[in-house]
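**Student:** To start, I am sharing the structure in question, which I have written as structure tokens.
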Amino acid sequence: MTEPTTLANETMVPVLPCANPEETLAFYRALGFEATYQQTRPYLYLALVWSGVEVHFGRAPQGHDPAREDGGCLVMVDEVAPYHAALTQAMRAAYGKVLTKGLPRITRFRPGQTRFTLVDPSGNSLIFIQRDEPAELEYGGSKELQGVARALDNARIFREFKNDDRAAFRTISSALRRHGDTAPALDRALALATLIELATALNEQDKIEAWARELERIDLTDAERKRVAAELRHAEDLTQWLTEHAPGREPRNDSSR
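Structural data, given as structure tokens:
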């Protein structure tokens, strides 16, 4: 008997829950997706494609709550940055700004980052991941590091792989309270610079000036000062990304809640 043979040319297409077909179509079309199939009767089914990304939608199950954000899929790509740039540009053109809060939204992206998340109106997450992303991550910070340095590594994981700026912020704040007095000057400076960036992302501006003043008082070498300045530039880039508007457009309120 001949054994069945499989060929390595499979295509898998996720079918995600759709709470509102009109909102779903409007959102994805605004980002450049094309609807290749759509029907609402006798049952809901939508098929959307953009570049090589194909995603389908069916009716959400009873009791589905988009706020839980419990649907989603992974999108594996060779290089993440161009996808984030293209989706951000389309979002600005459609809405007049980048949507970063509530539903829908897109998470931020730092140079060197290997993933970001696009969340749609139904609470589905399309997580774009670079194929050569590290297979193993030490959640809790690398065991080879201690104190503030370990917290910085842990915060990097929260920020860049889990898209959890709040957890990263808490991790750094706690480490500075516990180890700030004994930490090396560079670690303390990098922690303050990281807090400034995270506070910018979280729109919590009240302590940024105080942290900046404290940072200026830390005695660093020229090389260390340049490293900290590079970290602070991420906060500047983030501010521009958050506030830049598409020319001639007014932000729409219906999708930025």
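This note's numbering puts the sequence shown at residues 5 to 261.
For every residue, glycine included, the Cβ atom is placed at its ideal position computed from N, Cα and C.
(1) Rounded to the nearest angstrom, what separates Glu218 and Ala39 at their Cα positions?
(2) Applying the 10 Å Cβ sphere with the 16-neighbour rule, what's the burial state of Pro115?
(3) May I ask you to report which of helix, strand or coil DSSP gives Ala89?
(4) According to the neighbour-count rule (16 or more other Cβ atoms, all chains shown, within 10 Å of its Cβ), is Pro108 buried or exposed?
(5) Going by CA-CA distance only, name the one from Glu142, Arg119, Glu140, Ser146 that's closest to Ile133.
(6) Quick one: what's got a C-beta closer than 6 Å to His183's C-beta in the same chain, skipping five residues either side?
(7) From which residue to which residue does the alpha helix (DSSP H) around His238 run?
(8) The alpha helix (DSSP H) that contains Arg63, what's its start and end?
(9) Rounded to the nearest angstrom, what separates Arg154 and Lys230 at their Cα positions?
(10) Would you call the CB atoms of Gln57 and Leu130 closer than 9 Å?
(11) Phe165 bridges to which residues according to DSSP?
(12) Please list, in chain order, all residues of the same chain as Thr198 whose beta carbon is under 7 Å from its beta carbon, the five residues on each side excluded.
**Tutor:** Taking the structure as given:
(1) 53 Å
(2) exposed
(3) helix
(4) Its Cβ being crowded by 16 or more others within 10 Å, Pro108 is buried.
(5) Arg119
(6) Gly151, Val152
(7) 226-247
(8) Where Arg63 is concerned, there is no enclosing alpha helix (DSSP H), although the beta strand (DSSP E) it sits in stretches over 57-63.
(9) 21 Å
(10) It is Val, not Gln, that sits at residue 57 in the sequence shown. Against a cut-off of 9 Å, the Cβ pair of Leu130 and Val57 comes out as a contact.
(11) None; Phe165 has no bridge partner.
(12) Excluding sequence neighbours, Thr198 sits near Leu156, Ala159, Ile176, Glu235.
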